[in-house]
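Sequence order for the protein chains is G and B.
Okay, so the first sequence: first residue is 1 according to the numbering used here, each after it adds one.
Okay, so the second sequence: first residue is 1 according to the numbering used here, each after it adds one.
Okay, so here's the structure we're looking at.
There are 2 protein chains.
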Amino acid sequence: MNGRNISLNLNVRGLSPSATLAINARCNELMREGKRVFKLGLGQSPFPVPGIIVDALRNHAHEKDYLPVKGLPELREAVANFHRRKDQVNASPDGVLIGPGSKELMFLLQLVYYGEILLPTPCWVSYGPQAQIIGRNVKFIHTTWEERWRISHEGLRRYLEQENDTYRPRLLILNYPGNPDGDTYNMEELQRLAEIAREYEMILLSDEIYGQLSHSGGHFSIARFYPEGTIISSGLSKWCGAGGWRLGTFTFPKPLSWLLDAMAIVASETFTSVSAPIQHAAVHAFRGGSEIETYLCHARRILKTLGNACASILTSAGIRVHKPEGAFYLFADFSPHTSAFKSRGINDGRELSERLLLDTGVAVLPGVDFERPLEEMTARLAYVNFDGAQALAASKQIPLDQNLDDSFIQTHCADTLEAMKRIAVWTTS
Amino acid sequence: MNGRNISLNLNVRGLSPSATLAINARCNELMREGKRVFKLGLGQSPFPVPGIIVDALRNHAHEKDYLPVKGLPELREAVANFHRRKDQVNASPDGVLIGPGSKELMFLLQLVYYGEILLPTPCWVSYGPQAQIIGRNVKFIHTTWEERWRISHEGLRRYLEQENDTYRPRLLILNYPGNPDGDTYNMEELQRLAEIAREYEMILLSDEIYGQLSHSGGHFSIARFYPEGTIISSGLSKWCGAGGWRLGTFTFPKPLSWLLDAMAIVASETFTSVSAPIQHAAVHAFRGGSEIETYLCHARRILKTLGNACASILTSAGIRVHKPEGAFYLFADFSPHTSAFKSRGINDGRELSERLLLDTGVAVLPGVDFERPLEEMTARLAYVNFDGAQALAASKQIPLDQNLDDSFIQTHCADTLEAMKRIAVWTTS
């Protein structure tokens, strides 16, 4: 837009499209020009939707009624049971809200809640822009590589003490296993964070959309330790491979039902309810069962093996990454190469990702898109550019008590390994 | 909510759930108590989704990818062609935006646009609350029964002249065939309104979601007369019977692409994109074809015959309604009975609808929900409480060049007629 003769909300004017979606468009452009591109930009699950869930959608294709704003009762019950079973929390169907993606639910939460948003960084790309659109205050708390990009209880306490306003209304967003980093919290870390949250009467939004993709299969929710103040966010997009279906869930404890109710009222004036056939199908996803558990075990095994192989390649080139614990991301810290980069005319993280794409065809997102300082030489690598259906089928031929070996990864995730090698060579050249 | 110890956005605090959804919940409550209820409250199409569109959803159930924010390219093309074909407007795929319901798109439009919203009343229930949530100014222009609840060009000009601010940024929302009234504009009326819109450089949001349910089959869009300033709103919910699927469309002219782009940016931070299987299925709906055209002809014939029969019953009881021209609503004006009502302790439109529900089991929505004055004795009657699948099948046995007779309606829409008779008897008793 040229900016003349238009009348736009100043909170929106000049905003760019969501970074993950923009990188995807950029890649498609380069591919049309005939260039080989390795898409480590968009964080979409490589795996297909489990067959029984696709079948469920087929069986419910005729459902045409507007469903209740908060969601189909059977689905709300299945989601509550899912969290009871998986996370040992005392979730109730009355506390569940279904939305067209958890991103939309986060937007509604920010819209209805009047308080400050606390975001440990690196964090997911959309939290900050959502706050800007609505005109909310966000406070970023930067973490470090040494802290495994996690907010420590000491760090959180230090931050809160200097604010000198104990009962300021605050919403702390935690995301684990984390996007963009693939790191998670252990039980003790969660317990300590929960203690501080209780002390300061903060609300926690616990974004656990990657919970079922914890590589060890052992995900813990902070709601176990701070049930009265924690909202759990989940959905079909990641563990169920159904990003394009658009279904997210928030699960509230009873004391936060005022937030749930306010969000439902805004939902009734905006998206109304989530697509009925999709909700009916999602019931089967949240109910789980052996086919879905098997699917998850194979997905985790593939991601763990591949993630570790990728991390090794990068580490050997002096790029700092953690051994991944969940999801399908590595947050790579290229800072040991900063002075070499500067002599090559690369002065910040954005230039790093742009030059990497031009020189090697590997598309990544710079740290600044995850609210890190622009000058920081970091980037998110989504190791998802492989045929997940094929890899899943091959993994199913190998008993689950065995590890996958290098040759499996080399056969089924060749492009991903090639991308990592290109990054390594380019960095050290 | 009791209102203590909560921290909510003041624009949201105290808002009630959407009126149409609330009446539905109220009816279900009464039915659980064993009461016979006639649901004329919620305006949902009584007809099933056409078979070929349900089949299309089945065939695309496996689609899992995040689609582009603005929509699936094939769908954007089908929507543009739909408006070119049906409305003779020069729509382009680049100008189409797909959302999870046109309600969500209207919310985003109000969020990104900085200007005043002009709403002729009676108007749809959600425009006003959306403006309140966002904190926008709305100016209501009340129309009258004598004007067929339509804004006349004289009325619009009179309103604008007294404002004395020609180029104030303004968005005028027109909805035709109209909810809650079932009335529409003829071509000359649209031409005259278009002239004023051009003169004042207003933006028009032309909500034509009921366009294909114009009872005569002859719907005209104001975009033919003011193409450069008109956004056309449509979707699957009404003419396609797929309200629960949640898919709406906005079609912008080139000069308003700045609004489209700003909405798409906010969409990328909120709903991301509409459910992929639903979008793939919707392509078939907007492409049309003989099965869908036949479906529409039968739906229109049933609605026209039933709407006229309902209007006759009400008119004979001295209730003022227009012969319906589209959709499935009557906006009934009980004002000739005002003094009789007052002697029965009914003092405003809300009390009228509450007493009607209690005394007769007929659920309707009072005029105040459509931004009419509370004291006005008006109500919306949605004549949809019949088995649409059965009526459609029966209609298909009768050649389309014949009219449906009274016995058809008595056989297939008995509850709707019974509800109208109860209203008539109750009013005059």
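For each residue, glycine too, the CB sits at the ideal point set by N, CA and C.
Nearest CB-CB separation between residue 238 of chain G and chain B: not below the 8 Å threshold. Per DSSP, reduced to three states, the secondary structure at residue 107 of chain G is helical.
Contact with chain B is absent for residue 164 of chain G, since none of that chain's Cβ atoms lies less than 8 Å from the residue's Cβ.
Nearest in C-alpha terms to residue 345 of chain B, of all of B:135, B:153, B:361 and B:375, is B:375. Against residue 218 of chain B, chain G offers no close residue; the least beta-carbon distance is about 27 Å (beta-carbon pairs closer than 8 Å). Residue environment: residue 236 of chain B is assigned as buried (16 or more neighbouring CB atoms within 10 Å of its CB, all protein chains considered). Listed along chain G are 69, 264, 265 and 268, each with a C-beta nearer than 8 Å to that of residue 17 of chain B. Exposure of residue 36 of chain B is indicated by the presence of fewer than 16 other C-beta atoms within 10 angstroms of its C-beta.
Pairwise C-beta distances place the region 16-32 of chain G out of contact with the region 127-147 of chain B, as fewer than three of them are shorter than 8 Å. For residue 308 of chain B, the number of other beta carbons within 10 angstroms of its own is below 16, and it is reported as exposed.
In the same chain as residue 226 of chain G, and ignoring 5 residues on each side of it, the C-beta atoms closer than 7 Å to its own belong to 194, 197, 198 and 204, in chain order. With the rule of 3 Cβ pairs closer than 8 Å, the region 112-123 of chain B counts as touching the region 172-183 of chain B.
Straight-line spacing of the CA atoms in residue 274 of chain B and residue 247 of chain G works out to 10 Å. In the DSSP assignment, residue 284 of chain B falls outside any beta strand (DSSP E) and within the unbroken alpha helix (DSSP H) covering 276-287.
The straight-line gap separating the alpha-carbon atoms of residue 169 of chain G and residue 371 of chain B is approximately 35 Å. In the DSSP assignment, residue 234 of chain B falls within the unbroken beta strand (DSSP E) covering 230-235.
For residue 329 of chain B, no CB of chain G lies under 8 Å from its own CB, so it is not counted at the interface with that chain. Within chain B, the C-beta atoms nearer than 7 Å to that of residue 57 of chain G come from 61 and 277, in chain order.
Of the residues B:258, B:306 and B:64, the one whose Cα lies closest to the Cα of residue 405 of chain B is B:306.
The beta carbon of residue 50 of chain B sits closer than 8 Å to those of 240, 241, 285, 291, 292 and 295, all from its chain and outside the five residues before and after it, given in chain order. Residue 249 of chain G has a beta carbon lying at 8 Å or more from every beta carbon in chain B. Counted as a single uninterrupted DSSP element, the alpha helix (DSSP H) harbouring residue 293 of chain G occupies residues 290-316. Less than 8 Å separates the beta-carbon of residue 272 of chain B from that of residue 66 of chain B.
Taking C-alpha positions only, residue 276 of chain B is separated from residue 319 of chain B by approximately 46 Å.
By the CB criterion at 8 Å, residue 182 of chain B and residue 41 of chain B fall outside the cutoff. Within chain B, no residue has its beta carbon less than 9 Å from that of residue 81 of chain G; the closest one is some 24 Å off.
In terms of Cα proximity to residue 221 of chain G, the closest of G:213, G:232, G:215 and G:228 is G:232. In the three-state reduction of the DSSP assignment, residue 95 of chain G falls in the helix class. Here residue 249 of chain G is buried, its C-beta having at least 16 other C-beta atoms within 10 Å. Not flagged as an interface residue toward chain G: residue 230 of chain B, since no C-beta distance is shorter than 8 Å. Using beta-carbon distances, residue 9 of chain G counts as an interface residue toward chain B, with a partner under 8 Å.
Taking 8 Å as the upper bound for CB-CB distance, residue 229 of chain B and residue 219 of chain B are not in contact here, some 20 Å apart. Residue 264 of chain B and residue 17 of chain G have their alpha carbons spaced roughly 8 Å apart. Interface with chain B (8 Å Cβ-Cβ cutoff): residue 169 of chain G is included.
In the DSSP assignment, residue 120 of chain B falls within the beta strand (DSSP E) that extends over 116-121. The DSSP-derived three-state label of residue 39 of chain G is strand.
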